[in-house]
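Chemist: Quick one: this structure, given as C-alpha cells, is what I'll be asking you about.
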Amino acid sequence: MPIEVLMPALSPTMEKGNLAKWLKAEGDDVKAGDVIAEIETDKATMEVEAVDEGKLGKILVPEGTQDVAVNTPIALILGEGESASDAPAKSASKKAEAPAKKADATLEKRPAAAEKPVEAAPVELDVPEGTEMANQTVREALRDAMAEEMRRDPGVFVMGEEVAEYQGAYKVTQGLLQEFGAKRVIDTPITEHGFAGVGVGAGFTGLKPIVEFMTFNFSMQAIDQIVNSAAKTLYMSGGQVQCSIVFRGPNGAAARVAAQHSQDFASWYAHIPGLKVVSPYTAADAKGLLKSAIRDPNPVIFLENEILYGKTFPVPKLDDYLVPIGKAKIARPGKDVTILAWSIGMTYALEAAEELAKKHIFAEVIDLRTIRPLDMQTIVESVKKTGRCVTVEEGWPQFGVGSEIAARIMEEAFDYLDAPVKRVTGEDVPMPYAANLEKLALPNAAKVIEAARAVTYR
Amino acid sequence: MPAAAKAEKTDKSVSRATKASAWGKEQELSAYREMLLIRRFEEKAGQLYGMGLIGGFCHLYIGQEAVVVGMQMALKEGDQVITAYRDHGHMLACGMEANGVMAELTGRRGGYSKGKGGSMHMFSIEKNFYGGHGIVGAQVSLGTGIAFANRYRENGNVCLTYFGDGASNQGQVYESFNMAELWKLPVVYIIENNKYAMGTSVERSSALQDFSRRGASFNIPGEKVDGMDVRAVYEAGMKAVGHARTGEGPFILEMQTYRYRGHSMSDPAKYRAKEEVEKMRTERDPIERVRNRILEGKLASEDEIKKIDAEIRTIVNESAEFATNDQEPDASELYTDVLR
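Written as C-alpha cells, this is what we have:
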C-alpha cells in the first residue's frame, strides 16, 4: 500500500500551514531523512523530511497551497511495484477535516420566536465613523503596536529571549530588529530573573523597556523583580522613582505542553498593588492596549495567548489607535445573564452566548480586557440589568479572578442578584498532558452554557 | 587571556597604583569628614532605635565607612549608586541630607520616602541614588539595568552597584555579570566583604572566598582592596570606574571590610569573638587611620580636627532633633504613590 505523507503539525498550537515548496518531484526516489518539502507556519518555514523509503508517487497538494490542515495527505510514497492508484481513497483527508468542524448538535437551532432576541451585532469599536478597517492577526497587531511606539519614543526598547535575530519565539517581534537595530531589539541570554531586573533598573532611569517572556511560565523566575522592585518602588520612594515597563508574552495554556508550561497568571499579578494587568482578546484591543501599556508610567503585565496569536480580527486603520487600560467592553449585549471573560476565555463566552441565544437565553458578554484595575462600573451596571453572572477564566478556582469578581459583586450589587455568581475556571489540578485530560481541565463553551443555565434556572 | 590570570594581573597593577598615590590635605580632610558623619549618624541611629523611635530592621554601617567614601570620591557628576539595605552610609556619601535620611528612619513625612520606605528603602533621584533595596541581591540586576540605560543613552555615566559577601551567592548576581560583560555595561560591582552574611561567616557560606574572582567565568576583572583604607579604596575605585567608563565593561572590587555592629540592631553577634571585633576597631579603624595620617603629616592641627568633630555632631544632633519632631505622614498618604 502506498504511504501517505501527511501535513505535519510543527508547533503545539498549529492547525494549518502553507505548502511553500516541493523539493522532490513525482517519480523521484526518496529515502528516510530526505527533505521533500517546505512548510510555512505562521511562525516559521520548516522542512519536511520523508520518514519512509520509496518513490514519490504523487503530489496531492501542489506547492503554493495555503491553509492546508494538519494531517491532510500531501503526497504518496510508493513501495516497489506500487502505483499511485493504489492509494486508500480519502480516508485520511476526511480525518483531517473532522476537527475543523464543530459537532454542535447538542443545542437545538430553533430561532427565537416568543422572545425578541437582543441583537448580537458585532460591537462597534470606539473609532470615528467611517474608519477603515484591516484584517490582522493578533500577532501582527502586537508587532505593529511595538513598532509604532518605538518610532514615537526613542526610549522604548524590547528585550527578551529570541526577540531579535530569531524574530521572536512566536514571531511577535518579527521585523523589529531590521527596523530598529540591535541597540533597541535585544536578545538576552536565558536569564529571566536577571533580565527582568535589568529591565526594571533601566525603567527606574526613565527608559521604557518592553520585556518579553517567551511564555509567562518563565516569569516565575523573575517574579521577585516584578513584585518587589517594579511594583513597589514608586510607593517605597514616596513617589520619586517610577518604573514604566511592560512585561509581555503568551500566558495560559497553549496546547499539550503540560503542567509547567500551561498556567494562567492573571490572578497572580492582579493581586499586586502597583501593577496593572491587561489581557486582550481581539487584535484591535491587543494593539490599542499594548500601545497604552507602553505609554503608561506604571509597570504593566500584558498577558497574551498563544492560541489567539494567529486569529484574525478587524483592526482600525488609524495612525495612533489607543485603547484605555481599565475599561471593559461589552462584546455582545444581552439581558438575561452577564458572562465575564477575557483573552481566550472570550472564545468560550461568545460561543456559549451564541448557543444560549438559541435557547432564548440572552447573555451579555463582557470582555474585561484589563484585570487590574477591574472595571467594576461596567460589571456592576451589567449585573444590575441581568441579575446573574458567570465568570470565565483558565486559571485555577481558588483565589482566582472570578473569586474576586464574585466578592466585589456581592459587595457592590448584592441586592440586584437573582442567583449566586458562578465561576467557570480551569480545574483545580496541574495541567495534564493527555489530550483528553487536558480538555477536561480547561473551560469550554459547554461549561459556560451549563453555568449560565444554572444561574438563570433554565 | 584566561580570566583568573587577568584578574590576578589587575590585582598587582593596582597595588602599585595605591602605593604611588599621595593625597593632599583637602582629600584627607574631606574623607575624614565624610566618614565621621556616617559613623556619628549611625551611632545616633542606633541610639534612636534603642529608644523605640526607629522601628523594624536597622542595619548599621559602622566600620565600613571607608568603602563608600572612597568610592564616592572616584565618581563624577551623573554617576549612579545602588545598594542593598545597609544603606545609610551610601546615602550620606551621595550627599543626601542627614535630616531626610534620619526622618525616614523614624517614619516621618520629611523623610526621603515620606516615611513610606524606611531604613531599607530610600531613594534620591536628584543625588543619583537608586536605593535602598531589601531583597538580597536584587539590586545587582537593577544596577546592571541602570548601567544598561547609561550605555543606551551614551551618557558616559557609571553605576556603582554595591552588595555584600552574602548576596554574592545569589543566582541573579551571575545572570547580571554575564549580561554586563556580554554587553560591556558601565558598571562597577563592589562586593563589601564584611566577613559575615548575617551570622554565617564567608568560610561557612562560600566555596570560593576570593570574591574578586567571582567574575572570572565571565571574564570580568576584579581585585581585592583594603576596604579599611579610604585611600586604597579611592585608588581602586578610580581604576575600576575608569575601566567601566571607557567602554571596557564591568569591574569587580572586593572590599575587605568589617562591620563592628551586628547584622541588624536585633543581632547579638554571638557568632564571632569579641576580641575579633576589638582587634579590628583598635588596629584597622578607617577613621582613626585617616585621623592619624592627618596629624602625623601635619595636614591639620588637633584643634582643626576637633572643629570638624563638633560640626559633625551638630549635623547629626540636628537630624535626630528633626527626625523626632517632624510629623508622621498624613493618613491620606496611605493611598498615594501606588500608581502614577
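Top line first, the protein sequences correspond to chains A and B.
For the first sequence, this note's numbering begins at 1 and goes up steadily by one.
For the second sequence, this note's numbering begins at 1001 and goes up steadily by one.
Glycine included, C-beta positions come from ideal geometry on N, C-alpha and C.
1. Just curious, the beta strand (DSSP E) that V241 (chain A) is in, first and last residue?
2. Please report the distance separating the alpha-carbon of P297 (chain A) from that of V1290 (chain B).
3. Looking at the structure shown, is D372 (chain A) part of a helix, part of a strand, or coil, going by DSSP?
4. Would you list the residues sitting across from W342 (chain A) in a DSSP beta bridge?
5. Please report the distance separating the alpha-carbon of Y1234 (chain B) from that of Y1258 (chain B).
6. As a quick exercise: from B:G1164, B:F1218 and B:L1182, pick the residue whose alpha carbon is nearest that of T1200 (chain B).
7. When the cut-off is 8 angstroms and only beta carbons count, does E1321 (chain B) lie next to chain A?
8. With a cut-off of 8 angstroms, does the C-beta of N298 (chain A) fall near any C-beta of chain B?
9. Can you give me the start and stop residues for the beta strand (DSSP E) that W22 (chain A) sits inside?
10. Comparing alpha-carbon positions, which option in A:G326, A:A341 and A:G288 lies nearest V315 (chain A)?
11. Got a sec: is the Cβ-Cβ distance from P189 (chain A) to anything in chain B below 8 angstroms?
12. Could you tell me whether the Cβ of V200 (chain A) comes closer than 8 angstroms to any Cβ of chain B?
13. Y433 (chain A): buried (16+ other C-beta within 10 angstroms of its C-beta) or exposed?
14. Counting only runs of 3+ residues fully inside the region 141-183 of chain A, write out the beta strand (DSSP E) ranges in chain order.
15. Which same chain residues end up closer than 8 angstroms to A114 (chain A) when comparing Cβ atoms and leaving out the 5 residues on each side of it in sequence?
16. Nearest to L473 (chain A) by alpha carbon, out of A:A32, A:R256 and A:Q167?
17. K422 (chain A) and V455 (chain A): beta carbons closer than 8 angstroms?
18. Quick one: does A1240 (chain B) have its CB under 8 angstroms from some CB of chain A?
19. Just checking: is the beta-carbon of L374 (chain A) within a distance shorter than 8 angstroms of some beta-carbon in chain B?
20. Express the C-alpha separation of S292 (chain A) and E450 (chain A) in angstroms, rounding to a whole number.
21. Mapping the DSSP letters down to three states, classify P316 (chain A) as helix, strand or coil.
22. Run through chain B and tell me which residues come within less than 8 angstroms of K183 (chain A), C-beta to C-beta.
23. Please classify P324 (chain A) as buried or exposed, where buried requires at least 16 other C-beta atoms within 10 Å of its C-beta.
24. Is it right to say P2 (chain A) is buried, meaning 16 or more other beta carbons lie within 10 angstroms of its own, or is it exposed?
25. Please state whether the Cβ-Cβ distance between V1216 (chain B) and V1187 (chain B) is less than 8 angstroms.
26. What does the alpha-carbon distance come out to for the pair R1204 (chain B) and T215 (chain A)?
27. Roughly how many angstroms lie between the CA atoms of V30 (chain A) and L19 (chain A), to the nearest whole one?
28. Determine the chain B residues that contact H193 (chain A) at a beta-carbon separation under 8 angstroms, and present them in chain order.
29. So, does the CB of N217 (chain A) fall closer than 8 angstroms to a CB anywhere in chain B?
30. What residues in its chain sit with their C-beta under 6 angstroms from that of A103 (chain A), if we drop five residues either side in the sequence?
31. Going by alpha carbons, who is nearest to R1033 (chain B) out of B:L1048, B:G1297 and B:V1069?
32. Listed from N- to C-terminal order along the chain, which residues in the region 1211-1244 of chain B have their beta-carbon within a distance smaller than 9 angstroms of any beta-carbon of chain A?
33. Determine which residues share a DSSP beta bridge with D187 (chain A) and list them.
34. In angstroms, rounded to a whole number, what distance separates the CA positions of K1307 (chain B) and S1301 (chain B)?
35. Between S1113 (chain B) and the rest of its own chain, which residues show a CB-CB distance below 7 angstroms, the 5 nearest in sequence each way excluded?
36. When DSSP labels each residue in this structure, what does Y1162 (chain B) get in the three-state scheme?
Modeler: For this structure:
1. No beta strand (DSSP E) contains V241 (chain A), which DSSP labels as neither H nor E.
2. Cα-Cα distance, rounded: 46 angstroms.
3. According to the sequence displayed, residue 372 (chain A) carries Arg and not Asp. The DSSP-derived three-state label of R372 (chain A) is strand.
4. Looking at the DSSP output, W342 (chain A) shares a beta bridge with no other residue.
5. Rounded to whole angstroms, the gap between the alpha carbons of Y1234 (chain B) and Y1258 (chain B) is 17 angstroms.
6. Considering only alpha carbons, the answer is B:G1164.
7. For E1321 (chain B), the answer is no, since every Cβ of chain A falls outside 8 angstroms of its Cβ.
8. Interface residue, yes.
9. Following the DSSP letters along the chain, one finds W22 (chain A) inside the beta strand (DSSP E) bounded by residues K16 to W22.
10. That would be A:G288, whose Cα lies nearest to the Cα of V315 (chain A).
11. Output row for P189 (chain A): interface = yes.
12. With respect to chain B, the C-beta atom of V200 (chain A) has a partner C-beta closer than 8 angstroms.
13. Exposed is the call here.
14. Here the runs fully enclosed are 156-160.
15. Any reading at A114 (chain A) needs caution, since the residue's pLDDT is 45, under 50, leaving its predicted position unreliable; the model's value is listed next. Once the five neighbours on either side are set aside, the close Cβ partners of A114 (chain A) are H360.
16. Outside the displayed span of chain A (1 to 458) sits residue 473 (chain A), for which this structure offers no information.
17. Their beta carbons are under 8 angstroms apart, which means K422 (chain A) touches V455 (chain A) by this criterion.
18. Closer than 8 angstroms to the CB of A1240 (chain B) there is not a single CB belonging to chain A.
19. No - not a single Cβ of chain B is within 8 angstroms of the one on L374 (chain A).
20. S292 (chain A) has its alpha-carbon roughly 36 angstroms from the corresponding atom of E450 (chain A).
21. For P316 (chain A), the three-state secondary structure derived from DSSP is strand.
22. Neighbours of K183 (chain A) on chain B, chain order: Y1152.
23. Around the beta carbon of P324 (chain A), fewer than 16 other beta carbons lie within 10 angstroms, which makes this residue exposed.
24. Classified as buried, P2 (chain A) has 16 or more neighbouring CB atoms from the shown chains inside 10 Å of its CB.
25. As written in the sequence, residue 1216 (chain B) is Ala, which differs from the Val given in the question. Pairing A1216 (chain B) with V1187 (chain B) gives a Cβ-Cβ distance that is not under 8 angstroms.
26. Whole-angstrom Cα-Cα distance: 38 angstroms.
27. Annotation: V30 (chain A) to L19 (chain A) spans about 18 angstroms, alpha carbon to alpha carbon.
28. The contacting residues are S1141, G1171, Q1172 and E1175.
29. So no, N217 (chain A) is outside the interface.
30. A caution first: A103 (chain A) carries a pLDDT of 39, below 50, which makes its placement in the model unreliable, though a value can still be read off. Taken in chain order, the list of residues that qualify is empty.
31. Between R1033 (chain B) and the set B:L1048, B:G1297 and B:V1069, the nearest pair of CA atoms involves B:V1069.
32. For the region 1211-1244 of chain B, the beta-carbon criterion of a distance under 9 angstroms to any beta-carbon of chain A is satisfied by none of its residues.
33. D187 (chain A) is bridged by DSSP to A:G160.
34. One C-alpha to the other measures close to 10 angstroms.
35. Cβ-Cβ distances below 7 angstroms link S1113 (chain B) to E1104, H1121, M1122 and F1123 in the same chain, with the five nearest sequence neighbours on each side left out; the list follows chain order.
36. Residue state, collapsed to three classes: strand.
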